[in-house]
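Residues in the sequence shown are numbered from 1 upward in steps of one, following full-length UniProt numbering.
Below is one structure, written out as structure tokens; comments come after it.
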Amino acid sequence: MLRLLPFVVELALLVFCLIDCIQSDGDRVRNLSKGWWIALIVFLPIAGGVAWLVAGRPQSPRRQVAWPATATAGYPEYERPRRFTEDPTEEERRRAEERRSDELHQQMLRDWESQLRAREQPGEPPSAPPAARGDA
Numbered sequence: 001m002l003r004l005l006p007f008v009v010e011l012a013l014l015v016f017c018l019i020d021c022i023q024s025d026g027d028r029v030r031n032l033s034k035g036w037w038i039a040l041i042v043f044l045p046i047a048g049g050v051a052w053l054v055a056g057r058p059q060s061p062r063r064q065v066a067w068p069a070t071a072t073a074g075y076p077e078y079e080r081p082r083r084f085t086e087d088p089t090e091e092e093r094r095r096a097e098e099r100r101s102d103e104l105h106q107q108m109l110r111d112w113e114s115q116l117r118a119r120e121q122p123g124e125p126p127s128a129p130p131a132a133r134g135d136a
């Protein structure tokens, strides 16, 4: 088992460096072109992989978004980071919209409760659902 360890480490280094090199932006790769780095990693697995990690890999971190063409890149709509704005009119508009929505929900609840109370008035037999009456 211990005899396989160098081969496993070499294979892991080769695969990691090759995938990392292929996924790197071509204009951010250092010292050689991307094609030369891929050839070096494939033909000299240990030396090419170590050279890639030391001298070829881009130093700056990758972009945070997976798909730079979209603003939501990688986030579902409800988890998308919002822009921080200090515009007081925008904040007041958002709060007014929330208040209007809350008032609408409260009115709907009041209407529903009054309808339930009207159905439960004593002296009136409860009406059957339309499917039970046979006029569906």
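Virtual Cβ for every residue (Gly too), placed ideally from N, Cα, C.
Leaving out five residues on either side along the sequence, give the residues of the same chain with a beta carbon under 7 Å from the beta carbon of residue 139. The question about residue 139 has no answer, for the chain in this structure spans 1 to 136.
Using a 10 Å radius around the Cβ and a threshold of 16 neighbouring Cβ atoms, would you call residue 26 buried or exposed? By the 10 Å Cβ count, residue 26 comes out exposed.
Figure out for me which residue from 90, 10 and 56 has the closest Cα to the Cα of residue 20. 56
Compute the distance between the beta-carbons of residue 100 and residue 58, then report whether it is under 8 Å. no
With H, G and I counted as helix, E and B as strand and the rest as coil, what does DSSP make of residue 45? helix
Could you work out which residue in 118, 11 and 1 is closest to residue 43 when comparing CA atoms only? Answer by Cα proximity: 11.
Compute the beta-carbon to beta-carbon distance between residue 53 and residue 38, rounded to the nearest angstrom, for a pair I have assumed lies under 8 Å. Not confirmed; about 14 Å, so no contact.
Distance check for residue 88 and residue 117, CA to CA, integer angstroms please. 43 Å
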